[in-house]
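Undergrad: Take 16 as the starting number for the sequence shown in our numbering and just add one per residue.
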Amino acid sequence: MLRSFVLLLILANLAFYAWSHGYLRAAGLGPHDVAEPQRLTQQIHPERLVIAAPESGASAPASSPASGAASAASAPAPPSAASAAKPAASNAVSAAAGPKLCLQVGPYLTAGPEVGAALRAAGLAPVEKQQALGPQWMVFMGPYPDTAALKSKLAELQRLQLKEGSYGAVTDRPRYMPGISLGILPTQAAAQQQLKLMQAKGVKSAQVVPRNAGMSAVVWVLDGLTPAQAATLRRLDPALLKDQKPQACKTG
């Protein structure tokens with residue numbers, strides 16, 4: 016019984032093998048072929064298809080163009096040599112030039128234009144500034160009609176034997192010229208005291224007047240000077256500056 020079963024199993028396997036491999040097609044038996052021959056007729060220029068071998072070393076997948084562009088945009092660009100050199104060059108120039116200075120000379124009542132010309136001749140660029148004169152009080156005689164009358168009064172004061180330098184002709188206040196100054200004081204009270212002293216010595220017709228009322232003077236301002244230009248200013252002949260020394264600019 017067992018032998019018959021094994022024999023039938025062997026025959027069945029042989030029959031399946033012959034059927035699956037198409038040996039029974041002549042008898043109308045065999046598997047049904049699945050094929051789509053119509054796709055061959057739908058191909059477009061199949062002769063142009065070329066299969067290229069992959070490049071060696073291209074093991075990592077390439078990133079997409081969008082992600083590559085985004086990475087390139089977000090990554091900071093390395094500083095160029097030219098841009099890195101600009102701050103260093105600027106610092107070097109600043110260090111060579113040194114700090115800028117602001118100096119001024121004056122005030123000048125009448126010699127302002129002459130001093131300004133001397134400064135420009137020295138290669139400087141002064142800027143004119145009007146400065147109001149502070150209050151002063153003067154013990155004053157005059158004004159006289161002419162220089163002859165002025166000299167006559169000066170001779171009278173000399174005969175009174177007043178201290179040398181305690182009086183003199185007014186030379187820098189046109190409204191009081193020709194006239195004589197017997198002292199310049201910072202307050203009216205001090206000027207009144209000086210007047211009493213002069214009257215005690217025999218001086219007549221003197222009075223106390225405001226010396227600077229409504230007057231302004233010229234100050235030449237030189238801002239942005241290099242140390243070399245400041246040295247040039249300080250080396251100028253004092254006579255050109257009318258004996259005024261350069262000073263630091265006053266703010267306000």
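By construction, the Cβ of each residue, glycine as well, lies at the ideal position given by its N, Cα and C atoms.
Can you give me the C-alpha to C-alpha distance between A164 and L175, rounded to a whole angstrom?
TA: When rounded, the distance between both Cα atoms is 17 Å.
Undergrad: Can you say whether Y32 is buried or exposed, counting buried as having 16 or more other CB atoms within 10 angstroms of its CB?
TA: Y32 should be labelled exposed.
Undergrad: Going along the chain, which residues of its own chain have a beta-carbon closer than 6 Å to the beta-carbon of V234, five neighbours each way excluded?
TA: Here the set comprises Q119, G121, P122, K144, Q146.
Undergrad: Quick check: the stretch 232–248 against the stretch 124–139, are there 3 or more CB pairs under 8 Å?
TA: Flag = yes, the stretch 232–248 and the stretch 124–139 touch.
Undergrad: Does DSSP put A30 in a helix, a strand or coil?
TA: In the structure shown, A30 sits in a helix (DSSP, three-state: H, G or I).
Undergrad: Which of helix, strand or coil does DSSP assign to A184?
TA: Three-state result, A184: strand.
Undergrad: Answer yes or no: do I10 and K168 have a C-beta to C-beta separation smaller than 8 Å?
TA: This structure cannot speak to residue 10, because the chain is shown only from 16 to 267.
Undergrad: Starting from the Cα of L251, find the closest Cα among A228, A132, K166, H36 and give me that residue.
TA: Closest by alpha carbon: A132.
Undergrad: Less than 8 Å between the CB atoms is what I'm expecting for V224 and C264, so what's the real figure, rounded?
TA: Wrong, their Cβ atoms sit about 32 Å apart, outside the cutoff.
Undergrad: Pull up the distance between the alpha-carbon of N28 and that of S19, whole angstroms please.
TA: Answer to the nearest angstrom: the Cα atoms are 14 Å apart.
Undergrad: Are the CB atoms of L256 and V130 within a distance shorter than 8 Å?
TA: Yes. Within cutoff.
Undergrad: In whole angstroms, what is the alpha-carbon distance linking G127 and A184?
TA: Approximately 21 Å, taken between the alpha carbons.
Undergrad: With a threshold of 16 other CB atoms inside 10 Å of the CB of R15, please say whether the residue is buried or exposed.
TA: Nothing in the structure corresponds to residue 15, since the chain is present only between 16 and 267.
Undergrad: What residue range does the beta strand (DSSP E) around P122 cover?
TA: Run containing P122: 116–123, per the beta strand (DSSP E) assignment.
Undergrad: May I have the straight-line CA-CA distance separating A205 from G149, to the nearest angstrom?
TA: Each residue's alpha carbon lies about 16 Å from the other.
Undergrad: Please classify M16 as buried or exposed, where buried requires at least 16 neighbouring CB atoms within 10 angstroms.
TA: The residue is exposed, with fewer than 16 neighbouring Cβ atoms inside 10 Å.
Undergrad: Taking buried to mean at least 16 other C-beta atoms within 10 Å of its own C-beta, is Q222 buried or exposed?
TA: Q222 should be labelled exposed.
Undergrad: By Cβ distance below 8 Å, which residues in the same chain neighbour Q214 in space, the five residues on each side in sequence not counted?
TA: Taken in chain order, the residues that qualify are A221.
Undergrad: Excluding the 5 residues flanking T202 on each side, which residues of the same chain have their C-beta closer than 7 Å to its C-beta?
TA: Answer for T202: W152, listed in chain order.
Undergrad: Suppose you measure from the CA of M192 to the CA of L210; what does that come to, to the nearest Å?
TA: Their backbone Cα atoms lie some 19 Å apart in a straight line.
Undergrad: Output yes or no for whether 8 Å exceeds the beta carbon distance between L197 and V142.
TA: Contact: no.
Undergrad: Who are the Cβ neighbours of M230 in its own chain at under 6 Å, not counting the five residues just before and after it?
TA: The residues are L148.
Undergrad: What separation, rounded to the nearest whole angstrom, lies between the Cα atoms of A111 and T266?
TA: Low local confidence applies: a pLDDT of 49 at A111 is under 50, so the model's placement there is unreliable, and no value is given.
Undergrad: Quick check on this structure: which residue in D258, P253, K260, G239 has the alpha carbon closest to the alpha carbon of C117?
TA: With distances taken between Cα atoms, C117 lies closest to G239.
Undergrad: Please classify A232: does DSSP put it in a helix, a strand, or coil?
TA: It is a strand residue.
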